[in-house]
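Add 64 to the 1-based position in the sequence shown for my numbering, that's all there is to it.
Structure, as structure tokens:
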Amino acid sequence: MGAVLIAILVLPLAASVVCLKAPMPTAKAVSLTSGVATFGLALTLVSSHQVATALSGWLRADALSVVFLLAVSFLYGATTVFAVGYLRPGEGPAEARYSRRFFAGLNLFAWAMAMAPIVNGLALLWVAIEVTTVVSALLVAIGDTDGAVEAAWKYVLIASMGLGIALLATVFMYYAGSTVLGGSYEIFYPKLLGAAPYLPPEIVRLSFGLAVLGFGTKMGLVPVHTWLPDAHSEAPTPVSALLSGALLTVSFYAILRFYQVTERAIGPAFPRDVLLVFGLASLVLAALYLASQRDLKRLLAYSSIEHMGILAIGMSFSAPIAIVGVLLHVLAHAAAKSTAFFGAGSLIRKFGTKDMDRIRGGIGALPWSGPMFLLAVLALSAMPPFGIFRSEFLIVEGGLSSGATALSAVLIVLVTCAFLGLSWFASQTMLTPTPESVVRGEVSVWMAGSMVIGLVALVVLGLHPPAQLCGLLERAAAELGART
């Protein structure tokens, strides 16, 4: 299994290097091959009950790592399918230069996000997430418009401040470990988790609080979320899908690694209370802002904030079934949000605008992508039979079984408010009559095909997740402190 970890890191990096000099058809083929192969390699880790290691322990993938690696690699593969149709062939040097930069950056971004779950240690994890910031900021600004450059600078400034706080959290956790393991040690997860019961409680509390605030900036938690709507709106659609479906959850993974240590050091009460506060604030703000958006991609960006809030609230419940629901939600949200962004990309190409007041009759204009976009919005709204319905049901069930009845009720009310906002705008843009001036037909078969991939995954996760995947989620939940 160690060879699989190395291959997962080598493939996207090699694809990025090739795309720097390759013409657009070659870049598309290389990126697509790398995306699909990376997801296939990640699937081989699902049924393994052993921890995979490589490079003398510097790479490590336990069950928790594999869950997030699955989300990243699935999104990488689906996004490369979408990107094949998204980038139009051009003959000029400007188009060729854009293609090389785009595909090189896309593969490098996927490489950094795949690296985060499989590096062994908090310091390496911080480095990986810092790399995602640099690469994704360049991708946000790749269009070279005033709005894109402004959004990229805002993203860099806010995310850098957040990651500075996250670095401080890592330093404090290293210091806490040094009181037990000595002044010089490798901050690998097994060593730190083994020493966790003996770590100084106050230092661990401080480290966890800083980690939630720091990595929560990249995750999009309120009040450190302000970069997210602008960056998601201005980035190219494939990049928006990766930002929402993969980057936010990778940052959540970093918080969970700190959660593991904190839960073993001082018990679950403090970390769960911290996550509850950030989660509720995020869910409240997202539910309110979803009712007032006019930009299609900003609408989906605020939906991402909503779902990050749900993840944080789910972790604040004590029941093992809630933690399993949280991990399932990571996978389902990746599939649903990418599908929704792919549909939004087709709508924007068809109508030439992101303004929802000017998008009408989407189903008539896009006979395949239109209905699938509507289904993706319903999936994000936790409608059956999709995966988010199952994951949110498990989270609420866990809240009720743990005695958090009032919080479960609040969660249901806020999710319902978000559903009303999403469904209202979706019906206005998709179910109204199609203007006569709009030419009916799909923008690209590849773009529509990427949506089929996401919807199939959502139905599988909602109706009958494979037994191997269920076992993986249970093992990952146990690693986070859940005991059945």
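Cβ coordinates follow ideal geometry from the N, Cα and C atoms, glycine included.
Keep in mind it's a predicted model, so treat the numbers as computed, not measured.
Residues of its chain near residue i, where Cβ-Cβ distance is below 7 Å and the 5 sequence neighbours each way are ignored
| i | result |
| --- | --- |
| residue 398 | 135, 138, 139, 309, 310, 313 |
| residue 452 | 393, 396, 397, 400, 443, 444, 446 |
| residue 510 | 145, 146, 148, 149 |
| residue 299 | 203, 204, 307 |
| residue 16 | Any answer about residue 16 is impossible in this case: the structure gives the chain only from 65 up to 548. |
| residue 327 | 335, 545 |
| residue 405 | 301, 304, 305, 308, 364 |
| residue 481 | 351 |
| residue 218 | 291, 294 |
Nearest to residue i (by Cα), restricted to the options the options
| i | options | result |
| --- | --- | --- |
| residue 534 | 392, 415, 189 | 392 |
| residue 403 | 161, 124, 522, 187 | 522 |
| residue 422 | 396, 477, 359 | 359 |
| residue 365 | 463, 325, 346, 96 | 346 |
| residue 102 | 130, 84, 160 | 130 |
| residue 98 | 351, 218, 148, 482 | 148 |
| residue 573 | 325, 277, 304 | Given that the chain is displayed from residue 65 to residue 548, the structure contains no residue 573 and the question cannot be resolved. |
| residue 407 | 220, 150, 100 | 150 |
| residue 157 | 171, 108, 87, 233 | 87 |
| residue 100 | 112, 71, 182 | 71 |
| residue 304 | 367, 152, 85 | 367 |
| residue 454 | 387, 81, 265 | 387 |
| residue 384 | 415, 253, 369, 538 | 538 |
| residue 32 | 410, 474, 126 | Coverage of the chain is limited to positions 65 through 548, which leaves residue 32 absent and any answer about it impossible. |
| residue 507 | 468, 434, 104 | 434 |
| residue 477 | 351, 505, 121 | 351 |
| residue 527 | 252, 494, 480, 457 | 457 |
| residue 488 | 381, 141, 500, 424 | 424 |
| residue 286 | 369, 77, 518, 504 | 369 |
| residue 379 | 472, 415, 416 | 472 |
For residue i, the three-state DSSP class (helix, strand or coil)
| i | result |
| --- | --- |
| residue 419 | strand |
| residue 359 | strand |
| residue 117 | strand |
| residue 183 | strand |
| residue 371 | helix |
| residue 469 | helix |
| residue 249 | coil |
| residue 328 | helix |
| residue 297 | helix |
| residue 425 | coil |
| residue 65 | coil |
| residue 548 | Annotation note: pLDDT 48 at residue 548 (below 50); position unreliable, coordinate value reported separately. In the structure shown, residue 548 sits in coil (DSSP, three-state: anything other than H, G, I, E or B). |
| residue 445 | coil |
| residue 193 | helix |
| residue 202 | helix |
| residue 236 | helix |
| residue 108 | coil |
| residue 539 | helix |
| residue 135 | helix |
| residue 98 | helix |
| residue 432 | coil |
| residue 478 | helix |
| residue 495 | coil |
| residue 210 | helix |
| residue 263 | coil |
| residue 290 | coil |
| residue 450 | coil |
| residue 308 | helix |
| residue 381 | coil |
| residue 74 | helix |
One or two residues paired with residue i in a DSSP bridge
| i | result |
| --- | --- |
| residue 126 | Looking at the DSSP assignment, residue 126 forms no beta bridge with any residue, so it has no partner. |
| residue 516 | Partner(s): none; residue 516 has no beta bridge. |
Spatial neighbours of residue i in its chain, beta-carbon cut-off 6 Å, leaving aside the 5 residues before and after
| i | result |
| --- | --- |
| residue 216 | 201, 204, 205 |
| residue 128 | 540, 543 |
| residue 484 | none |
| residue 236 | 267, 270, 271 |
| residue 283 | 312, 315, 316, 372 |
| residue 418 | 359, 360, 361, 412 |
Sequence-distant residues of the same chain with beta carbon closer than 8 Å to residue i, five excluded per side
| i | result |
| --- | --- |
| residue 28 | Given that the chain is displayed from residue 65 to residue 548, the structure contains no residue 28 and the question cannot be resolved. |
| residue 288 | 222, 226, 277, 280, 281 |
| residue 486 | 354, 363, 367, 441, 444, 445 |
| residue 338 | 272, 273, 276 |
| residue 474 | 344 |
| residue 114 | 65 |
Any contact of the region 371-379 with the region 334-348, i.e. 3+ C-beta pairs under 8 Å?
yes
May I ask you to verify whether the region 78-94 touches the region 156-175, counting CB pairs closer than 8 Å and requiring at least 3?
yes
Should the region 283-301 be called in touch with the region 179-187, which here means at least 3 C-beta pairs below 8 Å?
Too few Cβ pairs lie closer than 8 Å, so no.
Counting pairs of Cβ atoms below 8 Å between the region 223-241 and the region 191-206, do you hit three or more?
Proximity of the region 223-241 to the region 191-206 meets the contact definition, three or more beta-carbon pairs being nearer than 8 Å.
For the region 328-337 against the region 171-182, do three or more pairs of beta-carbon atoms, one drawn from each stretch, fall closer than 8 Å, so that the two count as touching?
no
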